[in-house]
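A short write-up of the structure that comes next.
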Amino acid sequence: MIIVHHLENSRSQRILWMLEELGLPYEIKRYERNKQTMLAPPELKKVHPLGKSPVIEDDGQVIAETGAIVEYLVDKADGKLGAPANRTDALRYRFWLHYAEGSMMPPLLLKLVLARIPIMGKVAVKKIQPMIDVHLDYVESELSQRPWFAGAEMTAADITMSFPLEAARSRGGLNESRPATIAWLAKVHARPAYQAGLKKGGPYAYA
50 MIIVHHLENS
60 RSQRILWMLE
70 ELGLPYEIKR
80 YERNKQTMLA
90 PPELKKVHPL
100 GKSPVIEDDG
110 QVIAETGAIV
120 EYLVDKADGK
130 LGAPANRTDA
140 LRYRFWLHYA
150 EGSMMPPLLL
160 KLVLARIPIM
170 GKVAVKKIQP
180 MIDVHLDYVE
190 SELSQRPWFA
200 GAEMTAADIT
210 MSFPLEAARS
220 RGGLNESRPA
230 TIAWLAKVHA
240 RPAYQAGLKK
250 GGPYAYA
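Just so you know, the sequence shown maps onto residues 50 to 256 in my numbering.
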């Protein structure tokens, strides 16, 4: 049985959603953030040296990093939610799978951190928002052309993209001015597997 080390209000909610989509059995070990620092608790370091979530355990393996976990689960499910057969769609799949954490999340995280710094942080945030807007405009242009990130069908790339876009909706300037992206989020949130993962995962501020 897969064990998911799940931190509230974190990237690990995507893994619960994915497991529900795949129909793979799993159990959850929940962790709460420190109320003052909002950091993960030290107990997670007993699971993996980085002390971050998501982390899963399966067949004696401890696997960290969202992208690595997603690829592991796709393999475990014999390719379900993986790269489409069409080469162009497969290339898009790989791009979005890595874009989520490699390109889109860094400025969103930077904005979150700087927003907590009095006075100077607010000045810096104004310079970061245009960087985020570039990503949001790009995502909007892509989702205006197809229903899912890789093509006609939902894939694991959509699962990885959910967290940065939920974060952008919460604090990154994503609103109804980008209707294709908002419609995509609504479609994701309406999926039964998403709702099941949300119910099992506990507190999650971005749904």
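Note that the Cβ used here is the ideal one computed from N, Cα and C, for glycine as well.
What does the alpha-carbon distance come out to for the pair Ala229 and His238? Rounded to the nearest angstrom, the two C-alpha atoms are 14 Å apart.
So, Tyr142 versus Ala206, is the Cβ gap smaller than 9 Å? In this structure, Ala206 lies closer than 9 Å to Tyr142 by Cβ.
Pull the bridge partners of Leu56 from the DSSP assignment, please. Answer by DSSP bridge pairing, in chain order: Tyr80.
Tell me where the beta strand (DSSP E) around Gln110 begins and ends. If you look at Gln110, you'll find it in the beta strand (DSSP E) that goes Gln110 to Ala113.
Taking only the alpha-carbon atoms, compute the straight-line gap between Ile208 and Leu247 and give it to the nearest angstrom. Taking the straight line joining both Cα atoms gives about 13 Å.
Asp107 in three-state terms, based on DSSP: Three-state result, Asp107: strand.
Out of Ile51, Lys95, Gln62 and Glu57, state which residue places its alpha-carbon closest to the alpha-carbon of Ala242. Closest by alpha carbon: Gln62.
Using DSSP with H/G/I as helix, E/B as strand and the rest coil, what is Ile51? Collapsing the DSSP output to three states places Ile51 in a strand.
How far does the alpha helix (DSSP H) with Ser211 in it extend, from its first residue to its last? Here the alpha helix (DSSP H) through Ser211 covers Ala205 to Arg220.
Pick out whichever of Gly221, Gly200, Ile166 and Tyr255 has its Cα sitting closest to the Cα of Pro155. If we check each option's Cα against that of Pro155, Gly221 comes out closest.
Does the beta-carbon of Arg227 have 16 or more other beta-carbons within 10 angstroms, so that it is buried, or is it exposed? Classification of Arg227: buried, given that the 10 Å Cβ count is 16 or more.
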